[in-house]
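Q: Read in order, the letters of the sequence shown correspond to residues 16 to 267 in the numbering used here.
Submitted below is the structure of interest, expressed as structure tokens.
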Amino acid sequence: MDELFRRWEGEDPYRSLRLPEPPQQRPYVIMNMVSSVDGKATVGGSLQPGSLGSRKDRFVMDCIRSHVDAVICGSSTIRTHPYYLGVRQKFEDVRRSRGLQPQPLTVILTNSGDLPLEAPLFQEAPQRPIVLGSEAVPPARQRALASVAHYANCGQEGVDITTALALLRREFGVQYLLLEGGPKVNYQFFRRQAVDEVFWTAAPLISGGQEDMTMVMGPQPLRPVPRLTLQSVFREQSELFLRYTVAYEPEP
Ligand SMILES: NC(=O)c1ccc[n+]([C@@H]2O[C@H](COP(=O)([O-])OP(=O)(O)OC[C@H]3O[C@@H](n4cnc5c(N)ncnc54)[C@H](OP(=O)(O)O)[C@@H]3O)[C@@H](O)[C@H]2O)c1
Numbered sequence: 016m017d018e019l020f021r022r023w024e025g026e027d028p029y030r031s032l033r034l035p036e037p038p039q040q041r042p043y044v045i046m047n048m049v050s051s052v053d054g055k056a057t058v059g060g061s062l063q064p065g066s067l068g069s070r071k072d073r074f075v076m077d078c079i080r081s082h083v084d085a086v087i088c089g090s091s092t093i094r095t096h097p098y099y100l101g102v103r104q105k106f107e108d109v110r111r112s113r114g115l116q117p118q119p120l121t122v123i124l125t126n127s128g129d130l131p132l133e134a135p136l137f138q139e140a141p142q143r144p145i146v147l148g149s150e151a152v153p154p155a156r157q158r159a160l161a162s163v164a165h166y167a168n169c170g171q172e173g174v175d176i177t178t179a180l181a182l183l184r185r186e187f188g189v190q191y192l193l194l195e196g197g198p199k200v201n202y203q204f205f206r207r208q209a210v211d212e213v214f215w216t217a218a219p220l221i222s223g224g225q226e227d228m229t230m231v232m233g234p235q236p237l238r239p240v241p242r243l244t245l246q247s248v249f250r251e252q253s254e255l256f257l258r259y260t261v262a263y264e265p266e267p
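This is how it looks when you write it as structure tokens:
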């Protein structure tokens, strides 16, 4: 067990992280979330900077983003924070040294098409974001999105996660994808057994609000149950940074 508790060498705890080869049909998917010790991923209905994670957590988020081709999230998260899901400039060279583009692609899921087209996410993007929608998105909205982003339909009533992952791999060459929520999108990925690793920041506080969300939220318990194996733990004062691999074993 002791070897799982890693010494924090240098600034970046995941500097020597090696991710396995991706599967053939989809990217290798890692999820990164922060929650309080009582399991809340939002506080008072949203996640504001500093309400759960520390500045160190924000830094570790960049460290993890430095390993992937693309970062994906749901549009509610984007409506709360309409910014490109990129890395700070100092990480661009790190990414180049790994053979990646200086900035990851930003990928957003929507079923309404209701995204802020004037926001920095689209207007100041270092690369054109990818918006994945469905035939339920009104055609005029699809056209508006296609003027500021790569837009693709991946389903009829909503984005089919398996179709979306195959498209990202095939059309955009995404081998490593970072899933950053929110909880409803995370749930759909787990439903499709499409989360390979979980990075979790355990923020040292109790939030307590019964209306707040947990990291993964959907209508029914997940089957098969995603089972996690701890790979490493870093500690910064009382904040923990954990990495798990995920297995989807059938129920006995
Ligand atoms: N603690 C953390 O680490 C963390 C991380 C991320 C987010 N958050 C917080 O989580 C909250 C939002 O979470 P959430 O679960 O309500 O929302 P979310 O997952 O960010 O977004 C949900 C939205 O994504 C779109 N979407 C989801 N699945 C889709 C599908 N299969 N096809 C098409 N569109 C799909 C829909 O957008 P439309 O409405 O456009 O149709 C849906 O309303 C925010 O407060 C955010 O700050 C916390």
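Cβ coordinates follow ideal geometry from the N, Cα and C atoms, glycine included.
Treat the numbers as computed from the prediction; the structure is a model and nothing was measured.
#1: Report back the beta-carbon spacing between residue 120 and residue 77 to the nearest angstrom; my notes put them in contact at under 8 Å.
#2: Is residue 124 a contact residue of ligand 1, with contact defined as CB to any heavy atom under 7 Å?
#3: Say the cut is 7 Å; is the CB of residue 174 nearer than that to a heavy atom of ligand 1?
#4: What does a CB cutoff of less than 7 Å around residue 59 pick up in its chain, not counting 5 residues either side in sequence?
#5: Under the rule that 16 or more other beta-carbon atoms within 10 Å means buried, what is residue 232, buried or exposed?
#6: Pop quiz: residue 99 and residue 140 are said to be a contact at Cβ under 8 Å. What is the actual Cβ separation, rounded to whole angstroms?
#7: Which residue wins for smallest C-alpha separation from residue 126, given the options 105, 174 and 144?
#8: Less than 8 Å between the CB atoms is what I'm expecting for residue 128 and residue 153, so what's the real figure, rounded?
#9: Starting from residue 35, trace the beta strand (DSSP E) both ways and give me its first and last residue.
#10: With distances taken from CA atoms, which of 130, 73, 94 and 135 is nearest residue 106?
#11: I'd like the list of long-range same chain contacts for residue 258, defined as Cβ closer than 7 Å, with 5 residues on each side in sequence excluded.
#12: Relative to ligand 3, is the shortest distance from any of its heavy atoms to the C-beta of residue 46 smaller than 7 Å?
#13: Quick check on the DSSP output: the beta strand (DSSP E) that includes residue 86 runs from which residue to which?
#14: Ligand 1 heavy atoms versus the CB of residue 120: any closer than 7 Å?
#15: Under 8 Å, do residue 55 and residue 222 count as touching if we go by C-beta distance?
A: According to the data block:
#1: Locating residue 120 in the sequence shown gives position 105, counting from the first residue. Locating residue 77 in the sequence shown gives position 62, counting from the first residue. 16 Å between Cβ atoms; not a contact.
#2: As a position in the sequence shown, residue 124 is number 109, starting the count at 1. It does: the Cβ of residue 124 is within 7 Å (strictly closer) of some heavy atom of ligand 1.
#3: Position 159 of the sequence shown holds residue 174. Answer for residue 174: yes, Cβ within range of ligand 1.
#4: Along the sequence shown, one-based indexing puts residue 59 at 44. Cβ within range, chain order: 224.
#5: Looking up residue 232 in the sequence shown gives position 217. Exposed, because fewer than 16 other Cβ atoms sit within 10 Å of the Cβ of residue 232.
#6: Taking the sequence shown and counting its residues from 1, the one referred to as residue 99 is at position 84. Taking the sequence shown and counting its residues from 1, the one referred to as residue 140 is at position 125. So it is a contact: roughly 5 Å between Cβ atoms.
#7: Here residue 126 refers to the residue found at position 111 when the sequence shown is read from its first residue. Per the Cα distances, 174.
#8: The residue labelled residue 128 in the question sits at position 113 within the sequence shown. The residue labelled residue 153 in the question sits at position 138 within the sequence shown. Correct: roughly 6 Å between the Cβ atoms.
#9: Residue numbering aside, residue 35 sits at position 20 when the sequence shown is read from its first letter. Boundaries for residue 35: no beta strand (DSSP E) harbours it, and the DSSP string shows neither H nor E there.
#10: One-based indexing of the sequence shown puts residue 106 at position 91. Residue 73 is the option with its Cα nearest to residue 106.
#11: Residue 258 sits at position 243 when you count from the first residue of the sequence shown. Taken in chain order, the residues that qualify are 212, 214, 246 and 247.
#12: Inclusion of ligand 3 in the displayed structure is not the case, the ligand content consisting of ligand 1 alone.
#13: For the purposes of this step, residue 86 is taken as the residue at position 71 of the sequence shown. Taken as a continuous stretch (DSSP letters only), the beta strand (DSSP E) holding residue 86 covers 85 to 89.
#14: The sequence position of residue 120 within the sequence shown is 105, counting from 1. Residue 120 Cβ: outside cutoff for every heavy atom of ligand 1.
#15: Counting from 1 along the sequence shown, the entry for residue 55 is found at position 40. Counting from 1 along the sequence shown, the entry for residue 222 is found at position 207. In this structure, residue 55 sits near residue 222, with a CB-CB distance shorter than 8 Å.
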